[in-house]
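Keeping their order, the protein sequence lines are chains A and B. Each residue of the first sequence is one higher than the last, beginning at 109 in the numbering used here. Each residue of the second sequence is one higher than the last, beginning at 109 in the numbering used here. Where a beta carbon is used, it is the ideal one built from N, C-alpha and C, also for glycine. Below is one structure, written out as structure tokens, with a few remarks after it.
2 protein chains.
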Amino acid sequence: MNLNKMQLRLLLYLYERNGFSNGVQVTTPALARFLNTSQQSASRVMIKMEREGFIERRMVGRSCYVRLTKKSINELSELYAELKRIIEKPVEVVLEGRVFSGMGEGAYYISLPWYRDQIRKKLGFDPYPGTLNVNLLSWDSIQNRTLVGKYADIWIEGFKDRNRTYGGARAILASFNNSDLCAILYIERTHYGENVIEVISPVYLRGKYGLSDGDKVKITVTLPAANFSAAGQIPHEDKGQILPKT
Amino acid sequence: MNLNKMQLRLLLYLYERNGFSNGVQVTTPALARFLNTSQQSASRVMIKMEREGFIERRMVGRSCYVRLTKKSINELSELYAELKRIIEKPVEVVLEGRVFSGMGEGAYYISLPWYRDQIRKKLGFDPYPGTLNVNLLSWDSIQNRTLVGKYADIWIEGFKDRNRTYGGARAILASFNNSDLCAILYIERTHYGENVIEVISPVYLRGKYGLSDGDKVKITVTLPAANFSAAGQIPHEDKGQILPKT
DNA sequence: ATTACTATTTCCCGAGTAA
DNA sequence: TTTACTCGGGAAATAGTAA
Numbered sequence: 109m110n111l112n113k114m115q116l117r118l119l120l121y122l123y124e125r126n127g128f129s130n131g132v133q134v135t136t137p138a139l140a141r142f143l144n145t146s147q148q149s150a151s152r153v154m155i156k157m158e159r160e161g162f163i164e165r166r167m168v169g170r171s172c173y174v175r176l177t178k179k180s181i182n183e184l185s186e187l188y189a190e191l192k193r194i195i196e197k198p199v200e201v202v203l204e205g206r207v208f209s210g211m212g213e214g215a216y217y218i219s220l221p222w223y224r225d226q227i228r229k230k231l232g233f234d235p236y237p238g239t240l241n242v243n244l245l246s247w248d249s250i251q252n253r254t255l256v257g258k259y260a261d262i263w264i265e266g267f268k269d270r271n272r273t274y275g276g277a278r279a280i281l282a283s284f285n286n287s288d289l290c291a292i293l294y295i296e297r298t299h300y301g302e303n304v305i306e307v308i309s310p311v312y313l314r315g316k317y318g319l320s321d322g323d324k325v326k327i328t329v330t331l332p333a334a335n336f337s338a339a340g341q342i343p344h345e346d347k348g349q350i351l352p353k354t
Numbered sequence: 109m110n111l112n113k114m115q116l117r118l119l120l121y122l123y124e125r126n127g128f129s130n131g132v133q134v135t136t137p138a139l140a141r142f143l144n145t146s147q148q149s150a151s152r153v154m155i156k157m158e159r160e161g162f163i164e165r166r167m168v169g170r171s172c173y174v175r176l177t178k179k180s181i182n183e184l185s186e187l188y189a190e191l192k193r194i195i196e197k198p199v200e201v202v203l204e205g206r207v208f209s210g211m212g213e214g215a216y217y218i219s220l221p222w223y224r225d226q227i228r229k230k231l232g233f234d235p236y237p238g239t240l241n242v243n244l245l246s247w248d249s250i251q252n253r254t255l256v257g258k259y260a261d262i263w264i265e266g267f268k269d270r271n272r273t274y275g276g277a278r279a280i281l282a283s284f285n286n287s288d289l290c291a292i293l294y295i296e297r298t299h300y301g302e303n304v305i306e307v308i309s310p311v312y313l314r315g316k317y318g319l320s321d322g323d324k325v326k327i328t329v330t331l332p333a334a335n336f337s338a339a340g341q342i343p344h345e346d347k348g349q350i351l352p353k354t
């Protein structure tokens, strides 16, 4: 793309008015208003674009009709295709941190049939009975934990028995060290802070990777790009906390 | 959009490398190569974009890591949405010309059950037995006849009886004088030139509009935009003639 | 290697104005 | 009314160079 801002906006102005199939009546003052510039600049831009073969002008009486050429159509299509490719590409989000030991409650909860069955049904794998706790290392990863939290939309329901309440969680599928399937759990009423994620997987990750406390691990989540772009426009900035069930 | 070409390309460079979720390691010489500019300009662009809140830079050792801010994401989403709206908008193509009388063969052909039944089935209306011949007025309209011909993909098959062969045609739905449903026929082996279209309609257009030879009429075709953009890239330019059946 | 300052040049914008 | 020229000021790009 070798067009500057005004040249591009001129082509869009004409394109929007079907300027490739019908001449568009354009005056330099009107174009100048649209481009937020002076009449002189509008005139200059059209002269240049005509010389370079992007538009054709025809004077009919005192009116000027402008058409887009194939060159313009190709230019616009190309720019659009490039933007589309970049913006609609799925987004890889990386969470890096160090393994640490919890109190072992993870294993207890995951092995409860209520949770285990939901995980098998909703996440598609039979979880190893235990969670891997990861202390996020960098500011980037902590930010990304919040971002990913907005897309964790697989609900694991809580339940009650005569003694107590068992909380719910949201989950999202991810990749562990770029090779193993896993899921990140956003647990309701967790006692960990915003710098911690809890990971479950069909395999015993500590065993498979020989992990000890303090070892570095990497969890990668792939988000669909279209939704991600929209996420930039979420008006109310929740800080990644577990959303209340409604 | 208030970014110039370089600023936009910087954002795309970072976006493509997941620069919103992870810092991207950037050096000014590498960026300069990507932007087709000097190292100094690359440096200046980053300084400016950082000051204006589009990017955040962090020095780690001698490496520089760059992240996109929300402001950038919004900017890119906005530009993309605008382009999408303009480029994916359906395209109105106008054909203007003057009515003239043919030899009356149109009425004969359209009233043949073979053709009439196909038109009812494939175009969705029962045609008035006759075609309206339109002599296209302007160079624009003649060009547009060719363009529309590429999208006329409703096949009306020909047939043979013991005496002769009856040719086929391609058709496309259109709007007559911005109000009546009609179709343009691209007739195989027509004896008219490239400046003529033949129009059929469920109503008697000459009667309804009180048309005499020489009166001006307007036929509008709506093309899907996405295909249209691609049409600019058809490598071999056929001149709008009827394609042979394969 | 880098980044980024200063100086010079080049380019672009808009006022004035002619046709 | 138009379009589009010249010209002066200012922004932006590159070259040279320091750190």
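To the nearest angstrom, how far is the alpha carbon of residue i from that of residue j?
{"i": "B/Val304", "j": "A/Gly169", "result": "26 Å"}
{"i": "A/Pro237", "j": "A/Lys229", "result": "16 Å"}
{"i": "B/Gly340", "j": "A/Leu176", "result": "Model confidence at B/Gly340 stands at a pLDDT of 43, short of 50, so the residue's coordinates are unreliable and nothing is read from them."}
{"i": "B/Pro343", "j": "A/Phe162", "result": "Model confidence at B/Pro343 stands at a pLDDT of 35, short of 50, so the residue's coordinates are unreliable and nothing is read from them."}
{"i": "A/Arg270", "j": "A/Glu306", "result": "27 Å"}
{"i": "A/Ile218", "j": "A/Pro235", "result": "7 Å"}
{"i": "A/Ser246", "j": "A/Ile227", "result": "29 Å"}
{"i": "A/Ser151", "j": "B/Ile327", "result": "33 Å"}
{"i": "A/Lys113", "j": "A/Ile155", "result": "16 Å"}
{"i": "A/Tyr121", "j": "B/Val256", "result": "22 Å"}
{"i": "A/Tyr123", "j": "B/Ser146", "result": "33 Å"}
{"i": "B/Asp225", "j": "B/Asp323", "result": "30 Å"}
{"i": "A/Leu231", "j": "A/Gly276", "result": "15 Å"}
{"i": "A/Gln115", "j": "A/Ser171", "result": "21 Å"}
{"i": "B/Lys353", "j": "B/Thr298", "result": "A caution first: B/Lys353 carries a pLDDT of 40, below 50, which makes its placement in the model unreliable, though a value can still be read off. Looking at the two C-alpha atoms, the distance is approximately 15 Å."}
{"i": "B/Ile250", "j": "B/Asp261", "result": "19 Å"}
{"i": "A/Arg272", "j": "B/Leu111", "result": "57 Å"}
{"i": "A/Phe233", "j": "B/Glu186", "result": "39 Å"}
Compute the distance between the beta-carbons of residue i and residue j, then report whether it is under 9 Å.
{"i": "A/Leu240", "j": "A/Ile295", "result": "no"}
{"i": "B/Leu281", "j": "B/Val329", "result": "yes"}
{"i": "B/Leu119", "j": "B/Met157", "result": "yes"}
{"i": "A/Asn144", "j": "A/Leu203", "result": "no"}
{"i": "A/Tyr188", "j": "B/Lys192", "result": "yes"}
{"i": "A/Leu319", "j": "A/Val325", "result": "yes"}
{"i": "B/Arg125", "j": "B/Val132", "result": "yes"}
{"i": "B/Val174", "j": "B/Glu164", "result": "yes"}
{"i": "A/Tyr259", "j": "A/Phe267", "result": "no"}
{"i": "B/Met109", "j": "B/Glu213", "result": "no"}
{"i": "A/Val311", "j": "B/Asn130", "result": "no"}
In this structure, how does DSSP classify residue i when only helix, strand and coil are distinguished?
{"i": "B/Arg278", "result": "strand"}
{"i": "A/Met167", "result": "strand"}
{"i": "B/Phe142", "result": "helix"}
{"i": "B/Lys178", "result": "helix"}
{"i": "B/Lys268", "result": "strand"}
{"i": "A/Glu302", "result": "coil"}
{"i": "A/Val153", "result": "helix"}
{"i": "B/Thr328", "result": "strand"}
{"i": "A/Arg206", "result": "strand"}
{"i": "A/Ile342", "result": "The predicted position of A/Ile342 is uncertain, since its pLDDT is 39 and thus under 50; a value taken from the coordinates is nonetheless stated next. Coil."}
{"i": "B/Tyr188", "result": "helix"}
{"i": "B/Thr136", "result": "helix"}
{"i": "A/Leu289", "result": "strand"}
{"i": "A/Leu120", "result": "helix"}
{"i": "B/Glu200", "result": "strand"}
Of all the options the options, which has the alpha carbon lying nearest to the alpha carbon of residue i?
{"i": "B/Asp248", "options": "A/Tyr121, A/Arg166, A/Leu116", "result": "A/Arg166"}
{"i": "A/Thr135", "options": "A/Tyr217, A/Glu265, A/Ser149", "result": "A/Ser149"}
{"i": "B/Ala333", "options": "A/Ile181, A/Asn285, A/Gly315", "result": "A/Ile181"}
{"i": "B/Tyr317", "options": "B/Met109, B/Tyr216, B/Val207", "result": "B/Val207"}
{"i": "A/Thr254", "options": "A/Gly301, A/Cys290, A/Phe233, A/Ile264", "result": "A/Gly301"}
{"i": "B/Gly205", "options": "B/Ile227, B/Tyr217, B/Leu244", "result": "B/Leu244"}
{"i": "A/Cys290", "options": "A/Arg314, A/Tyr274, A/Val199", "result": "A/Arg314"}
{"i": "A/Trp263", "options": "A/Val256, A/Leu139, A/Tyr223, A/Arg278", "result": "A/Arg278"}
{"i": "A/Glu160", "options": "A/Ser171, A/Lys178, A/Ser146, A/Ser283", "result": "A/Lys178"}
{"i": "A/Glu265", "options": "A/Leu220, A/Gly212, A/Cys172", "result": "A/Leu220"}
{"i": "A/Leu139", "options": "A/Arg117, A/Arg297, A/Ser129, A/Ser283", "result": "A/Arg117"}
{"i": "B/Gly210", "options": "B/Val199, B/Val242, B/Val201", "result": "B/Val242"}
{"i": "B/Phe128", "options": "A/Ile194, A/Tyr123, A/Asn110", "result": "A/Ile194"}
Where in the stretch 217-256 of chain A do unbroken runs of the alpha helix (DSSP H), each at least 4 residues long, occur, reported from the N-terminal end onward? Taking only runs of at least 4 residues, the alpha helix (DSSP H) segments lying wholly in the stretch 217-256 of chain A are 221-231.
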